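*Asks:*
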Amino acid sequence: MYCLCFLQKNYSMSKISHHESAIQHVTGQAVYVGDMFPSEKTLAGRVVYSPHAHARIMSYDFTEALKLQGVYDILDYKRIPGDNQLNLIAHDEPCLAEGTVNCIGQAMFLIAADTDEIAIEAEKLIKVNYEVLELILSIDQAIEKGNRLQPPRRIEIGAVDEVLKKCKHVLSGTLKTGAQEHWYLETQAAVCVPGEDRDMTVYASSQNPTETQLVVAEVLGLPANKVICEVKRMGGAFGGKESQANHVAAWAALLADATRKPVKISLFRDDDQKITGKRHPFQSTYTIGFNDEGIIEAYVVDMNTDVGMATDLSMAILERAMFHAENTYHIPNARITGHTWKTNLPSNTAFRGFGGPQGIAIIENAVDMIARYLKKDAAEIRYKNFYGTNTRIETPYGQIIQNNRLYTIWDQIIKSSNYYERSKEIDRFNGKSEFKKRGIALTPVKFGISFTTSFLNQAGALVLLYKDGTVLVNHGGTEMGQGLHTKIRQIAALELGVPVEVVKVNATNTSKVPNTSPTAASSGTDLNGMAVKNAIDKLKERLKPCVAKMLKEKFSDESDSDIVFCEGFAHNSSNPNQKIGFVDLVKRAHFEQISLHATGFYKTPDISFNKEKGKGTPFHYFAYGMAVAEVEVDILTGKSKVLRADIVHDVGDSINHDIDLGQVTGAFIQGMGWCTAETVKRGKDGSLLNHSPDTYKIPGIGDTPEIFNVELLQHAPNPPVIRKSKAVGEPPFMLAFSVWLAIKDAISSVGNHKYEPYYELPATNELVILSLESIKKHL
Amino acid sequence: MMNKSILKFVLDSQIVEIDFSKTDFRPSTTVLNYLRMLPEHRGTKEGCAEGDCGACTVVLGELGDDARIHYKAVDSCMLSLASIHGKQLITVENLAQREGNEIILHPVQKAMVDEHGSQCGFCTPGIVMSLFAFYKSGKEANRDNIVDALSGNLCRCTGYQPIINAAKVLSSLRQPDHFDANEQVIIKMLKEIKSDEEIHEFIHSKQTYYLPKNLKQALSIKDDKTDAYIVNGTTDTAIRQNKQHEYLPTIIDISAVPELKEIRSEVEGCYIGAGASIEEIKKFFSKFFPELKHMLGVFASHQIRNVATLGGNLCTASPIGDLIPLMFALKAKFEIVSENGGRWVDAEDFIVGYRKNCLFPDELLMGIYIPKIDKDEVIKTEKVSNRHDLDISTVSLAVRLSVDSDNIVREIILAYGGMAEVIKRARNVEEYLIGKEWTREVVESAKDLINKDFTPISDARASKEYRQVVAGNILLRLVVD
């Protein structure tokens, strides 16, 4: 599609900013794992999982199933050539159940067959006997049984107990926040192709190709250099494919290794929902002390989270929840304690925000309580408690807040949303309307950027220049729709001074860039963008002598000012009219025996955290945003709808305005789903009741705000980061608390804001009715 | 005699033939599963296999009475192969054109690219096809129409805003496209398929699928094969196949029977054929009976309404069927036919138990008759669901009410869905209200009688407590509105 002749002619920088795969997306040409059939004989893999939440496997028999025509093999844990383990660090998650099963959905056996239909038939013929064991299905039950995953974690600052005793006002409460199903449109999938001498190539839908590679190597008993993992793109991930994509890949690899044929596992939607972990539910108790002005003086919070049956990423998720316990508020005296509880449910896992939303929900609800208690506007209380710019800048974990943008954003959104006027208008509306009530809320977010497991903050790249002047970029990040490859392509083009059309970003491949961190923590562009820049800087240094030589030959230019790469040319910064075309330069460099490929590397500087002490500087910087939402609640049914939402969000200097805007709207609506409608319901046996979109309802197009104004904060460069940008993937998710608390405001209006409504997250129709009842009993 | 087992339809501007005696595909194999096996058509994605996400949306072109092709978005995961006989199947791969190595995007694709309507891209082919049908419909690009066109497509990445923007710019981009240019060629092909039409029996080693082309044929097959399963839009059967892995051995597909599709208004009421699609009925009602348009507007999604039929929704006799409470309130009469004649039953007698209707094995539901509603009678509906669009009701209510000049309740029908194992009237509440003044106080005092009428259950959608409270609350809305 690309003609290279324009390389010689018009080198003006392209304005293309759309997603690098947009044309493939809209024409149906984009290939996902499920679309791949490496050979005619690609077998269908099927996972047989436990129907019991806790049971001993007494016996099983594959005889009849193996007789079925079209069945190639059925595996149990004894057939695993390597270690029966999916978690390389905690070692607490077997690949296939051995002796006992600890949740419904835990993998027990694997079937390879000609088709999915045959595999399903075969599964029906497998006979298993179980002895059912006692269950733990909730945080309360786990607390009662003392079923901890790890000892509690703590972050503390100031003299909490003393100050609390002296506080004029003290409120306390409990908040439950619910689980959330990722509902990526593309279910978990992997295709594994066996090669010679037991080599294995894994085509995965994984955010973490290196870990997928290592887990496959571990279960197959192979060294890492015999396993390659490639990720072209994912059909959505949201954290759900950070650790748990490894599972599907490991299962497919075991079947491919056993049958010596390519095997594909692409989970059916219902199986995906039943097998995989969710966002961690939290149940937290808190006490908050404040003065007449509503200034918070002390805060004690105990977070309890349901980790499910195994560790997965739970400790890091809890940690991030604790790091966000105070959100945008300066709290001089705080004790934040986190508890992890094991249950007989699928292991909960990463989900956009990674604990941050769960931590922030508690303080946002508490601040809302303070406002109602003091009969003041909630936004005012928020504003008064914001971190300062020179003083009041220390977080409970000791990091100092720099470049606080809360005040700038506040000024902008208060005006653009017309917050105060509309608050009054809503009061007037509510005064006249009995069955429809409106509510409004302004909520802020401050989100720490960096993996809190500090060593993960590293990235690699491999940039190749070809003789025709085109560029192939390999880096460690994966594309899940967030536009990482698009931004990387832009970064490479800008750094190299060439049009984006000549830059292609390759599928992520562990044989090109090794030992990568997961594409997670919103850090994809920050880390990989810097690594790509580092590689390009090396290439430019190598090319510069060649440029100088060519300038001398062509223009007799011997000036020694800096050589720059710009708009498809290289020239002395002092003399932009005498320039060398990039294609000519690359050809010449090859002739001059200059290496035209380079690796790049980046590690985030100056971050660390001491887990024992609960102190450190875990984050490179913070991303900020604010939202104002107005909702209307039907008092008779509990149904709510968002009438208007205004957002101002900080992404630094945006690398791609439209992609960043899409991240903000997408995160907000996804957050709104978690805050309002998405519930994970389980039966008494631990089974998932809503295991398909028939009953699990993510937001649809009709749920979007009728008026939706989203602005990115302008003129807000973030110098230490690639192209002065900021990470954007997760922070705007938490802006949806504006919707959640606007619903609470509407409920509260029924009692003229005199009584604190019972509240949870999500605010489903059902919770709204319950909450209204809690108000009505006072009336 | 033609080979009866050969299915013919148009794909990629060619007539495609599938001989069921020589393939693994069953006649009831879904169009999605068929497409996924074609290397050139894997753009169509499976997201849920139950018509709830729209990733598999394709467009069917059908020859209308006006000698034009009509384009309908449908979920290919719920469409049996046999049911596309004689139609044009359009997939996401058919929209763009190639000139040499250059790709010329269709205006809907261009709008999606320009407005950043795709992120991960997995829902995109489905969105593009829904937008394509919207583009061809000529409807104005206002918010209501856009939501209506896309309520059957889920996207988890974008928050829909860029997609809404794409739909908005489309209206200014509307111009004849290559489907218009090629229309006569396709019409010729569709006519060619039609010309050799006769009663079709698609015979596969594991399944026989009948596709009668008139009522007489349909009844005669039904008389002969009383154990056969009747399908029309195939949405229900496809789910049984996709989710329960149940493959039915004998199917009679009545979607090609013209007598069942009739919709006509009569002096004293109107008649709607059981085979009329929900979308057609919605169009009819918007003129005839605007109040009911609302209930039909929140019925499933555009894709499902295009194929799902009145008969299908009524015959499943589901306790949460959207249309059954309405039939109670409308005092609809159901026309039932068989080889041996016909009979009429009242809506309330049609449902005989949990997912059970009163049809005998040789009978078919032909259609329903809705008697005219007097000026002083009010019909109202309310559907309570967890999500506004494309959701099954938690509780639904259809009401018929008439009060006399003194504001005394003369007649009231309160038909509730989601409150019992069948759609049921709240008889205790009704009896209490008749003869009383229609005031808020009276209705408030009647509310608690709901608990006498119903003992709802807790399930994946809601708790019984919620159902009880809400069932009473929505009564209140009636009197206040």
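Chains as they are written, first to last, in my numbering: chain X, 1 to 779; chain L, 1 to 481. C-beta atoms are modelled at their ideal positions from N, C-alpha and C, and glycine is treated no differently. As the structure is a computational prediction, the values presented were derived from the model and not from experiment.
#1: Residues of chain L with a CB under 9 Å from the CB of K241(X): which are they?
#2: Name the chain B residues whose beta carbon is nearer than 8 Å to that of S21(X)?
#3: Run the proximity test for S21(X): is its beta-carbon closer than 8 Å to any non-hydrogen atom belonging to the ligand ADP?
#4: Helix, strand or coil for Y34(L) per DSSP?
#5: Can you find the residues in the same chain that come closer than 8 Å, C-beta to C-beta, to E123(X), ignoring five residues on each side of it along the sequence?
#6: Put P371(L) into one of helix, strand or coil per three-state DSSP.
#7: For K356(L), I'd like the list of residues in its chain whose CB is within less than 8 Å of its CB, leaving aside the five on either flank, ordered along the chain.
#8: Can you name the residues of chain L whose CB is closer than 8 Å to the CB of A677(X)?
#9: Taking the runs of the alpha helix (DSSP H) that are 4 residues or longer, which of them lie wholly in the region 365 to 406 of chain X?
#10: Would you mind sorting S205(L) into buried or exposed? The rule is 16 or more other CB atoms within 10 Å of its CB.
#11: Helix or strand or just coil, what does DSSP make of V443(L)?
#12: Check the Cβ-Cβ distances between P209(X) and every residue of chain L, and say whether any is below 9 Å.
#13: Short check: CB of V307(L) to CB of L79(L), under 9 Å?
#14: Based on the DSSP output, what are the partners of I90(L) in its beta bridges?
#15: So what does DSSP say about H590(X), is it helix, strand or coil?
#16: Hey, how far is the Cα of L175(X) from the Cα of T187(X)?
#17: If contacts are defined as beta-carbon pairs under 8 Å, then I743(X) and G439(X) qualify, I think. What distance do you get, rounded to the angstrom?
#18: Can you name the residues of chain X whose CB is closer than 7 Å to the CB of L476(L)?
#19: Any C-beta of chain L sitting closer than 9 Å to the C-beta of Q714(X)?
#20: So for F555(X), helix, strand or coil by DSSP?
#21: Measuring straight from C-alpha to C-alpha, what distance separates I769(X) and T637(X)?
#22: So, I228(X) versus T599(X), is the Cβ gap smaller than 9 Å?
#23: Hey, is M419(L)'s beta-carbon within less than 9 Å of any beta-carbon in chain X?
#24: Given that R26(L) touches chain X, what residues does it touch there, using C-beta distances under 7 Å?
#25: Using only the alpha-carbon positions, how far apart do I136(X) and T394(L) sit?
#26: From D468(X) to C77(L), what does the alpha carbon distance come to, in whole angstroms?
#27: Shorter than 9 Å from the beta carbon of Y466(L) to some beta carbon of chain X?
#28: Is the separation between the beta-carbon of H178(L) and that of H106(L) shorter than 9 Å?
#29: Report the rounded CA-to-CA distance for F9(L) versus K110(L), giving the unit in angstroms.
#30: Ignore the nearest five residues each way along the sequence and tell me which others in D650(X)'s own chain have a CB closer than 7 Å to its CB.
#31: For the region 357 to 371 of chain X, list every residue whose C-beta sits within 9 Å of some C-beta in chain L, in sequence order.
#32: Is the region 580 to 600 of chain X touching the region 466 to 482 of chain X, taking contact as three or more C-beta pairs under 8 Å?
#33: Note down the Cα distance separating A119(X) from T259(X), rounded to an integer number of angstroms.
#34: Which partner residues does V132(X) have in the DSSP bridge list?
#35: Tell me which residues share the same chain as E268(L) and place their Cβ nearer than 6 Å to its Cβ, disregarding the 5 neighbours each side in the sequence.
#36: Could you tell me which whole beta strand (DSSP E) segments of length 3 or greater appear in the region 412 to 498 of chain X?
*Replies:* Answer, in terms of the structure:
#1: Simply none; closest approach about 11 Å.
#2: No chain B is present in this structure, whose protein chains are X and L.
#3: Of the ligands one can find in the structure shown there are none, so the ligand ADP has no counterpart to examine.
#4: Looking at Y34(L) - three-state DSSP - the assignment turns out to be helix.
#5: The residues are R46, V48, A65, I111.
#6: strand
#7: A317
#8: The contacting residues are N386, R387.
#9: 378 to 385
#10: exposed
#11: helix
#12: no
#13: With a cutoff of 9 Å on beta-carbon distance, V307(L) and L79(L) are scored as near each other.
#14: V59(L)
#15: Here DSSP, grouped into helix, strand and coil, assigns H590(X) to helix.
#16: 31 Å
#17: Cβ-Cβ separation between I743(X) and G439(X): approximately 6 Å, consistent with a contact (criterion under 8 Å).
#18: L636
#19: Any Cβ of chain L closer than 9 Å to the Cβ of Q714(X) would place that residue at the interface, and such an atom is absent.
#20: When DSSP states are grouped into helix, strand and coil, F555(X) belongs to the helix group.
#21: 7 Å
#22: no
#23: Chain X contact via Cβ: absent.
#24: Result: empty, since nearest Cβ-Cβ is about 10 Å, beyond 7 Å.
#25: 29 Å
#26: 46 Å
#27: Judged by the 9 Å Cβ criterion, Y466(L) is in contact with chain X.
#28: yes
#29: 28 Å
#30: R405, I409, A623, Y624, G625, L713, A716, K726
#31: none
#32: yes
#33: 14 Å
#34: A55(X)
#35: K372
#36: 436 to 449, 458 to 465, 471 to 475
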